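Contents: one structure, followed by commentary.
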Amino acid sequence: MYQPLADEIRPASLDDVFGQEHILAEGALLRRLIESGKVPNLIFYGPSGTGKTTVANIIAAKTNRTLYKLNATTASSADIKQIVAQLDTFMAPNGVLLYLDEIQYFSKKQQQSLLEHIENGKITLIASTTENPYFYIYGAILSRATVFEFKAVSPAAAQRAVERAVQVQAEKLQIKAQLEPGAAEHIGYACGGDVRKAINAVELLFSASRMVDGVVTITLQDAKDVAQKSAMRYDRDGDNHYDLLSALQKSIRGSDPDAAVHYLARILEGGDLPSACRRLLVIAAEDIGLAYPQAIAIVKACVDSALQLGLPEARIPLGDAAVLLATSPKSNSGYMAINAAMEDVKKGKTGDFPRHLQNMHYDGTGFEREQGYLYPHAFPNHWVMQQYLPDELVGTKYYEYGENKVEQATKQYWDKIKK
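Using this note's numbering, the first residue of the sequence shown is number 159, and each one after it goes up by one.
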């Protein structure tokens, strides 16, 4: 029966798990818990191919409990009931260890069905998820479990996994194998922190490689062909999507054009042109704003061009927009002003309109004279002192001029006129 290489060489000890030293190194908390044999309810959070299932298997091997595995994408409440029915029987005298993969796909009701049994210790739950557990896992489950984050495996660690996979596969096939310089390194980078993906690439390369003089050579070119685009982690509905957009905006806000085009490139490589366009439009107004108001119109023109061109050409105007925004002066004064005003409105701080601001077309004949509205264009510099805010909000300040040259020039202009 065929067994994938990634599953065949799955580590059997914590020392062989690549890239999770922050939780599994000697003295790290999770390692100490596992070695103690007293494993609490755990939630493993992180990208695919980072060792969550592997560590769960190692924990199962160190416990004296019956192991059950469920995948929440296919499991149902009936599967849970079947496990619960075996508690306190000869099938599970010491309780069970339940490994629940992709727990985010279980409904709140399904997650609640586990509560009683994980609370009394008859079921020790090890759940894994690729999504943020604080968003997707029921709070009562979270309060009874400890969350450990698994991080994307570094290219160096992934390269070591590739080299080990080549060695194991060569021994299995009883052949000699060699890696061209740079081949293992390329796969290590291209797998995007997913060890399973890296090992699958090795298995595929062995299948496709030709033997010459009793030796299989994995070439750098073949490695590039099999690993193309595989470094991309992009899920339009997952955490990675929002992390990328956040990284793009924060890089532009921090005036780093190199980081800005890097994250933009990753979004576009994932084919998500609409999200890139929307976020650049938001950044132009939120982070550059009144310091360089023309940026809003320029970015809108770049976005229109990108949408008309489509990918891959869309990258050109969007790249211009990202660099322009990153190198522009910054101001969030308008953003802060509207946020403060919205907060007051939500709190009910509104009040009636001043009489002179009401629509005079709804007044009867002659009443418009009683409004007392002063038409600013009829006064010097097109300005005249009068009340605009409701009585309850007179004196409230929402907008504060930014320290940039454009807003300070505007401030000087109005200070001169209003004084």
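We treat Cβ as the ideally placed atom computed from N, Cα and C, and that holds for glycine. Predicted model only: the values in this text are computed from it and were never measured.
Does the beta-carbon distance from residue i to residue j come in below 8 Å?
i	j	result
residue 424	residue 445	no
residue 320	residue 356	yes
residue 351	residue 314	no
residue 449	residue 486	yes
residue 272	residue 224	no
residue 262	residue 221	no
residue 407	residue 437	yes
residue 232	residue 168	no
residue 508	residue 353	no
residue 235	residue 268	yes
residue 489	residue 539	no
residue 245	residue 280	yes
residue 469	residue 439	no
Looking only at its chain, what residues have a beta carbon closer than 6 Å to the beta carbon of residue i, apart from the 5 residues adjacent to it on each side?
i	result
residue 227	257
residue 530	514
residue 415	481, 484 and 485
residue 542	532 and 534
residue 479	438, 457 and 460
Using the Cα positions of residue i and residue j, report the straight-line distance between them to the nearest angstrom.
i	j	result
residue 163	residue 182	23 Å
residue 564	residue 558	13 Å
residue 443	residue 305	37 Å
residue 495	residue 504	14 Å
residue 477	residue 419	6 Å
residue 210	residue 230	15 Å
residue 204	residue 513	59 Å
residue 343	residue 166	22 Å
residue 460	residue 399	22 Å
residue 556	residue 318	57 Å
residue 302	residue 323	38 Å
residue 341	residue 475	35 Å
residue 569	residue 577	12 Å
residue 498	residue 550	16 Å
residue 432	residue 417	20 Å
residue 184	residue 161	31 Å
residue 289	residue 516	51 Å
residue 358	residue 189	27 Å
residue 360	residue 493	51 Å
residue 574	residue 536	19 Å
Since residue i and residue j should fall inside the 8 Å C-beta cutoff, what is the C-beta to C-beta distance between them, to a whole number of angstroms?
i	j	result
residue 338	residue 378	5 Å
residue 413	residue 484	6 Å
residue 217	residue 241	The Cβ separation is near 17 Å, so there is no contact.
residue 380	residue 363	6 Å
residue 276	residue 201	With a Cβ gap of about 11 Å, residue 276 and residue 201 do not count as contacting.
residue 215	residue 283	Contact flag wrong, Cβ pair sits at about 15 Å.
residue 472	residue 464	4 Å
residue 552	residue 545	6 Å
residue 311	residue 177	3 Å
residue 180	residue 309	7 Å
residue 349	residue 298	Rounded, the Cβ-Cβ distance is 36 Å, inconsistent with contact.
Hey, could you find the ends of the beta strand (DSSP E) residue i is sitting in?
i	result
residue 334	334-337
residue 201	200-203
residue 227	224-229
residue 469	Element bounds for residue 469: n/a, residue is neither H nor E.
residue 305	304-307
residue 646	The requested residue 646 does not occur in the structure, where the chain is confined to residues 159 to 577.
residue 567	Here residue 567 belongs to no beta strand (DSSP E); instead the alpha helix (DSSP H) covers 563-576.
residue 503	From DSSP, residue 503 is part of no beta strand (DSSP E) but of the alpha helix (DSSP H) over 491-504.
residue 175	Segment: none, residue 175 is in no beta strand (DSSP E) and carries neither H nor E.
residue 376	373-376
What residues in its chain sit with their C-beta under 7 Å from that of residue i, if we drop five residues either side in the sequence?
i	result
residue 547	554
residue 453	442, 446, 482, 483 and 486
residue 421	402, 405, 406 and 409
residue 382	344
residue 491	447, 448, 557, 558, 559, 560 and 565
residue 291	201, 203, 300 and 305
Can you tell me where the alpha helix (DSSP H) with residue i in it begins and where it stops?
i	result
residue 284	Where residue 284 is concerned, there is no enclosing alpha helix (DSSP H), although the beta strand (DSSP E) it sits in stretches over 281-287.
residue 259	Here residue 259 belongs to no alpha helix (DSSP H); instead the beta strand (DSSP E) covers 254-259.
residue 211	210-219
Which residues in the same chain as residue i place their Cβ atom closer than 8 Å to its Cβ, once the five residues preceding and following it in sequence are excluded?
i	result
residue 372	333 and 334
residue 129	Lying before the first or after the last residue shown, residue 129 is absent from the chain, which here runs from 159 to 577.
residue 451	564
residue 336	373, 374, 375 and 376
Give a yes or no on whether 8 Å exceeds the smallest Cβ distance from residue i to chain D.
i	result
residue 174	Annotation note: the requested chain D is absent from the structure, which comprises a single protein chain.
Closer than 7 Å: is that where the CB of residue i sits relative to any heavy atom of the ligand MG?
i	result
residue 319	Summarising the ligand content, the structure contains no ligands, and the ligand MG is consequently not present.
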